[in-house]
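Worksheet: the structure to be examined is printed underneath.
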Amino acid sequence: MRLLVQAKHASVAVLLMSPLLAQQADPPSVQAVQVEQEPVLDGVLDEPVWQEASPVGQFRQRNPQEGNPATEKTEVRIIYSDTAIFFGVTCYDSQPDRIIATQRARDADLEFDDSFTILLDTFHSHRNAFWFEMNPLGARYDSWITDEGGRTSPEWDERWEVVVAIGEEGWVAEVRIPFSVLRTPSAEEQVWGIDFRRVIKRKNEEVAWSNYRRDFTFEQVSQAGHLEGLRQIPTGFTYRIKPYVLLGLSRSLPEFGGASTHNESDVGLEVFKYRLSPNLTLDLTVNPDFAETEVDDPQINLTRFPLFFPEKREFFLEDAGVFEFGPGGDVPELRLFHSRRIGLTEEGEEVPILFGGRLTGTAGKFELGLLNAQTQESDPDPRRNYTVGRVKRIFGRSFVGAMVTNLQSGGSSDYNRTAGLDSELLFFDHLSVNSFLVHSWSPEVNEDTWAFRPAKITWASDFLNANIEHQTIQRNFEAEMGFVPRKDMKKTLGEISIHPRPDSEWIRRTTLGTFMSYISNQAGELETRDQKMTFGIEWESGDRSMVDVGKNLESITQPFILRGKFLILPGVYRNNQYEYRFRTFRGRRLSTFLRIRWEEFWEGDRFAITFNPNFIISDKLSVRIEYDFDDISLPQGQLTTHLVNSIFRYNLSNEWLTTTTLQFDSSEDLYNLNFRLNYIYRPGDDVFLVFNRTSDNVRTDWSVLLKVTRSFDF
1354 MRLLVQAKHA SVAVLLMSPL LAQQADPPSV QAVQVEQEPV LDGVLDEPVW QEASPVGQFR
1414 QRNPQEGNPA TEKTEVRIIY SDTAIFFGVT CYDSQPDRII ATQRARDADL EFDDSFTILL
1474 DTFHSHRNAF WFEMNPLGAR YDSWITDEGG RTSPEWDERW EVVVAIGEEG WVAEVRIPFS
1534 VLRTPSAEEQ VWGIDFRRVI KRKNEEVAWS NYRRDFTFEQ VSQAGHLEGL RQIPTGFTYR
1594 IKPYVLLGLS RSLPEFGGAS THNESDVGLE VFKYRLSPNL TLDLTVNPDF AETEVDDPQI
1654 NLTRFPLFFP EKREFFLEDA GVFEFGPGGD VPELRLFHSR RIGLTEEGEE VPILFGGRLT
1714 GTAGKFELGL LNAQTQESDP DPRRNYTVGR VKRIFGRSFV GAMVTNLQSG GSSDYNRTAG
1774 LDSELLFFDH LSVNSFLVHS WSPEVNEDTW AFRPAKITWA SDFLNANIEH QTIQRNFEAE
1834 MGFVPRKDMK KTLGEISIHP RPDSEWIRRT TLGTFMSYIS NQAGELETRD QKMTFGIEWE
1894 SGDRSMVDVG KNLESITQPF ILRGKFLILP GVYRNNQYEY RFRTFRGRRL STFLRIRWEE
1954 FWEGDRFAIT FNPNFIISDK LSVRIEYDFD DISLPQGQLT THLVNSIFRY NLSNEWLTTT
2014 TLQFDSSEDL YNLNFRLNYI YRPGDDVFLV FNRTSDNVRT DWSVLLKVTR SFDF
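Here this note's numbering runs 1353 ahead of the position in the sequence shown, where the first position is 1.
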């Protein structure tokens, strides 16, 4: 209890501190020119309107030589009409035949290619921005960035156009972004934050206009320049209605018993979007369907804690960063709200969602979020209502926030609620302090229901990264709308790494780091201790190598079953661990990631290999294979597993896209085939044809679905 009081006092003290804000001195600025006639998008900047705008140049390297002029010239011209803003981008290249362009799909990973990015901070918040990226084939990637890159949402897809042409001097992109898709203030004259980034892939070179310093990621919006000259900008559409029609059949073939066939046809409202103000948006969905959602990546659990599966459904991914709280991370120790809890069981089975609503945006210095969803009764699950509310008070690059969740199941006596405070305070350029304090309520549970982190202190720069933190999750803390894999724990963690850049024609950057974490239960008894040393090299070629040497201690007080096969008895287990990782340069037609790991494992040993080759056969066809091999030898016996996730993409054009996924899990004798055809018949509207077949030792299921969406803006 004494530690809880100390944590409360520490949290209050941190919240009352005034952050020293880091702002770039004298950021560059550019003028946008208003024109009466819009240019025709054809990849050629030969119309007179383009000459009215002065070109932006002077790009500087982020990599390999920070601050040096770019090795290839880049020019950007900016004009705008009554309805849209236009960018004329010329990426000069002394060897245009060596331009790398392989991707065509919307929101494809453009890290494989030459690319150009436009960052727009329309409210000049220095925190949030729109991200528009393109490659020389006209593939588009767009995203919404929050908290200076703390969260990136590629699921934000809007209607904007780009036409690209490759010529003798390089490649040219003409970009049209309608004001209707942007959130913009209502002021008569406006100044936006803006930045540009170009990647010249064959040279492993990254250049930027304003934010070229490696101490900051390009997503850190506070380092952007200024876009001036904007006047009388419309605030965008008021309503968007996007219904869907679904036709489909599914069939289940149990090993024992009769087959059953189900009609999956349905209609519903994918989204109704209403802009209450330029910076506040209401989204509603009725009877949503997620037939086109990508299948989960297969995982094998070799721990005594549950696995984390990320959200992949579009409605819940949009503006998901608004509802993040506390620790966050890809595999968090505490996620207060995890939208995957809505409409999905622990096994990934769908539970029908009757309706959902989300309100997100800003009001003055406050960022707001409110979400509610209602699921249908589905045996054995009762009807459930999910509510989450989020508010942040912004102080420059820092914030203080609060969050509440409420899960109501069946009657009023079956509930789970949480309420918490959190903060992120940034000092100088690279120092941050994060804290949180949260409490949960459940029927007949009154003690040990807190989770808190007095402080996580982080220094993040190009040369030095350091982090120290302490957090506690008490034994009865429950966040049924979130993800909390481990309770009854106190964790103290410290890590530090340096990243020298030697003066070498072969080596770009090195890494030397150490890590230690100590986890005990509430009584202070040690349960887990991890120690690790890391050494890595990033080569000028773009390849990367990393070696980890570590020690692990596990103190088990209760027996548990590993993989339903091995009984692990109470005791203290000390394990040596060794791991090697190698990733090749992603700009090649064939690239790969390799991990080799050996460790002592519950009085036995474990040998594991991860091998992920990626073949880019042409700009239309690519193959990615993700293979995981585990061989475990214990006194009780042996376990060998193979996990395969193969993804074949064939794209006839930027509008006709196909993905075929083949999965195999030897531990469950599970096979899965998923085929998805996506025809983008106009920006924002799709036709999906999906076939899925899953089989294991018990049953075989398959389904065929055709889904069509159509949106209307008012």
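C-beta: ideal position from N, C-alpha, C; glycine also.
With a CB to CB cut of under 6 angstroms and the five nearest residues on each side skipped, what residues in its chain are close to residue i?
| i | result |
| --- | --- |
| D1775 | F1678, G1679, G1754, F1789 |
| D2054 | S1605, T2047 |
| T1863 | P1853, I1890 |
| R1628 | T1591, T1634 |
| L2030 | T2011, L2042 |
| F1919 | L1987, Q1989 |
| I1821 | I1810, G1847 |
| G1866 | S1850, T1887 |
| V1997 | Y1980, F2017 |
| F1752 | K1745, E1777 |
| G1710 | L1637, N1725 |
| R1566 | none |
Determine the DSSP secondary structure at residue i, reduced to helix, strand or coil.
| i | result |
| --- | --- |
| L1463 | helix |
| L2058 | strand |
| K1554 | helix |
| P1853 | coil |
| Q1576 | helix |
| E1893 | coil |
| R1882 | strand |
| L1670 | helix |
| R1451 | helix |
| V1704 | coil |
| Q1648 | Note on residue identity: the sequence assigns Val, not Gln, to residue 1648. Reduced to three states, the DSSP call for V1648 is coil. |
| S2064 | coil |
| V1837 | coil |
| F1830 | coil |
| F1868 | strand |
| V2051 | coil |
| F1676 | helix |
| P1733 | coil |
Once you ignore the five residues that flank residue i on each side, which residues in its own chain have a CB closer than 7 angstroms to its CB?
| i | result |
| --- | --- |
| S1447 | E1425 |
| T2062 | K1595, Y1597, E1623, D2038, D2039 |
| N1564 | D1548, F1571, Q1573, Q1576, A1577 |
| G1714 | N1632, L1633, T1634, L1721 |
| A1454 | D1466, D1467, N1488, P1489, L1490, D1972 |
| V1639 | G1621, L1622, F1708 |
| Q1390 | V1402 |
| R1413 | G1420, N1421, P1422, A1423, V1560, A1561, Y1565 |
What residues are listed by DSSP as bridge partners for residue i?
| i | result |
| --- | --- |
| N2004 | L2010 |
| A1437 | P1531 |
| E1720 | T1715, K1745 |
| I1921 | F1913 |
| I1695 | Paired residues: none, contrary to the question. |
| A1961 | R1950, D1983 |
| A1385 | Paired residue(s): none; A1385 is not in a bridge. |
| V1753 | R1746, S1776 |
| R1583 | With the sequence shown as reference, residue 1583 is identified as Leu, and Arg is not the correct amino acid for it. Beta-bridge pairing links L1583 to Q1543. |
| Y1739 | A1726, L1760 |
| W1484 | L1472, S1496 |
Excluding the 5 residues preceding and the 5 following residue i in the sequence, name in chain order all residues of the same chain whose CB lies nearer than 8 angstroms to its CB.
| i | result |
| --- | --- |
| V1516 | L1394, D1395, G1396, G1491, A1526, E1527 |
| S1999 | V1976, R1977, I1978, E1979, T2014, L2015, Q2016 |
Would you grab the beta carbon distance between residue i and residue j for me? Rounded to a whole angstrom, and I think it's under 8 angstroms.
| i | j | result |
| --- | --- | --- |
| A1716 | L1633 | 7 angstroms |
| H1477 | W1545 | 6 angstroms |
| I1653 | S2020 | 6 angstroms |
| F1690 | V1741 | 5 angstroms |
| S1506 | G1674 | 6 angstroms |
| R1430 | P1401 | With a Cβ gap of about 12 angstroms, R1430 and P1401 do not count as contacting. |
| V1791 | A1804 | 5 angstroms |
| D1321 | R1480 | The first residue shown for the chain is 1354 and the last is 2067, placing residue 1321 beyond what the model contains. |
| Y1494 | L1473 | So it is not a contact: roughly 14 angstroms between Cβ atoms. |
Is residue i near the ligand ZN, judged by its Cβ being under 7 angstroms from some heavy atom?
| i | result |
| --- | --- |
| T1937 | You won't find the ligand ZN in this model; it holds no ligand whatsoever. |
- Within the stretch 1776-1813, ranges of the beta strand (DSSP E) (whole runs, at least 3 residues): For the beta strand (DSSP E) assignment, the uninterrupted runs of no fewer than 3 residues enclosed by the stretch 1776-1813 are, from N- to C-terminal side, 1784-1794, 1803-1813.
- Task: Run through the stretch 1498-1541 for me and flag every whole beta strand (DSSP E) of 3 or more residues, listed as ranges in chain order.
- Result: 1504-1506, 1514-1520, 1523-1531, all fully within the stretch 1498-1541.
- Message: Report the start-end ranges of each beta strand (DSSP E) in the stretch 1969-1997 that is 3 residues or longer and not cut off at the edges.
- Response: Listed in chain order, they are 1974-1987.
- Item | Runs of alpha helix (DSSP H) wholly within the stretch 1389-1427 (minimum 4 residues, chain order) | Counting whole runs of 4 or more residues, the stretch 1389-1427 contains the alpha helix (DSSP H) stretches 1401-1404.
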